[in-house]
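To start, the structure under review is shown below, and the notes come after it.
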Amino acid sequence: NAGVMQNPRHLVRRRGQEARLRCSPMKGHSHVYWYRQLPEEGLKFMVYLQKENIIDESGMPKERFSAEFPKEGPSILRIQQVVRGDSAAYFCASSAMAGSRGVEGTEAFFGQGTRLTVV
Amino acid sequence: AQSVSQHNHHVILSEAASLELGCNYSYGGTVNLFWYVQYPGQHLQLLLKYFSGDPLVKGIKGFEAEFIKSKFSFNLRKPSVQWSDTAEYFCAVKPSGSARQLTFGSGTQLTVLP
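Protein sequence lines, in the order shown, are assigned to chains E and X.
Everything in the first sequence is counted per this note's numbering, starting at 1 for the first residue and increasing by one.
Everything in the second sequence is counted per this note's numbering, starting at 120 for the first residue and increasing by one.
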């Protein structure tokens, strides 16, 4: 059972370009979470999605950032017109549907992250 | 909403010293608690977790943590650290039984001197 897969591992974009980060959750997981880790800082929650639904996007910047988790395929975090301040590590986590495996079914498993560098 | 405080931003120890990293949370209900470790340039790895039952939780690599409900704390301990424990440690919390997102502390950088 493969873990949470994120790609690419490293992404370099010029200012003004678009960045697309992909996350394939663990098999059987229907909840996806995106976090951002800025240099010298902890992980900050960005968005929580279920299939075809955004549950909580309270941590997403109001502009340029969007996320989706379609019925088929990976979850995508999209950053338009990137700026230097977007340079960070972006981590995805997934969990199973709450209740399907008891309390412990809600444990989140993390991917290896995508390190975005904006030059 | 829940929040997590890690009071020590940077801890420096010599090998074989004992370690205790503080973690306090605030939330009005029952919680699940986690400690993650991040080695330089690496992703997050789960050290240990508390869902219910025995408040003393043992994790990987000789780490343990104790959930003290009355103090809203979940401190991480290791009796004897090694140079390879040099990493950043994050405490995290979420409402129990919920699929809601984790809330992380700001992290503690541990440096172990050989």
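We put the beta carbon where it would ideally sit given N, CA and C, even for glycine.
Examine the Cβ distances between the region 150-157 of chain X and the region 207-223 of chain X and report whether three or more of them are shorter than 8 Å.
Touching, per the Cβ criterion.
To the nearest angstrom, how far is the alpha carbon of E/Val47 from that of E/Tyr90?
As a working note, residue 47 of chain E is residue 47 in the first sequence. As a working note, residue 90 of chain E is residue 90 in the first sequence. About 11 Å.
At what residues does the beta strand (DSSP E) containing X/Cys210 begin and finish?
Sequence index remark: in the second sequence, residue 210 of chain X carries index 91 (1-based). Taken as a continuous stretch (DSSP letters only), the beta strand (DSSP E) holding X/Cys210 covers 206-214.
Taking the continuous beta strand (DSSP E) assigned at X/Gln228, which residues delimit it?
Here residue 228 of chain X corresponds to residue number 109 of the second sequence, with the count starting at 1. Looking at the DSSP string, the run of the beta strand (DSSP E) that includes X/Gln228 is 227-232.
Rounded to whole angstroms, what is the Cα-Cα separation between X/Lys197 and X/Leu140?
The residue you call residue 197 of chain X lines up with position 78 of the second sequence. The residue you call residue 140 of chain X lines up with position 21 of the second sequence. Rounded to whole angstroms, X/Lys197 to X/Leu140 spans 9 Å at the Cα level.
Would you mind telling me which residues of chain E sit closer than 7 Å to X/Leu163, beta carbon to beta carbon, in chain order?
Within the second sequence, residue 163 of chain X is the residue found at index 44, counting from 1. Here the neighbours are Phe91, Phe110.
Using alpha carbons as the reference points, say which of E/Thr117, E/Phe45, E/Ala96, E/Gln112 lies closest to E/Val83.
For the purposes of this step, residue 83 of chain E is identified with residue 83 of the first sequence, where counting begins at 1. Taking only the C-alpha atoms, the option nearest E/Val83 is E/Thr117.
Taking only beta-carbon atoms, is E/Leu116 less than 8 Å away from chain X?
On the first sequence, position 116 is the one that residue 116 of chain E refers to. It does not: the Cβ of E/Leu116 has no partner Cβ on chain X nearer than 8 Å.
Measure the C-alpha to C-alpha separation of E/Ser30 and E/Gln80 and round it to an integer number of angstroms.
The sequence position of residue 30 of chain E within the first sequence is 30, counting from 1. The sequence position of residue 80 of chain E within the first sequence is 80, counting from 1. Taking the straight line from one Cα to the other gives about 26 Å.
For E/Arg84, which three-state DSSP category applies?
Looking up residue 84 of chain E in the first sequence gives position 84. If DSSP states are grouped into helix, strand and coil, E/Arg84 belongs with the helices.
Which chain X residues are close to E/His31, counting only those with a beta carbon under 8 Å from its beta carbon?
What you label residue 31 of chain E is simply residue 31 of the first sequence in a count that begins at 1. By Cβ distance, chain X contributes Ala218.
Please state whether the Cβ-Cβ distance between X/Val200 and X/Ala136 is less than 8 Å.
For the purposes of this step, residue 200 of chain X is taken as the residue at position 81 of the second sequence. For the purposes of this step, residue 136 of chain X is taken as the residue at position 17 of the second sequence. In this structure, X/Ala136 lies closer than 8 Å to X/Val200 by Cβ.
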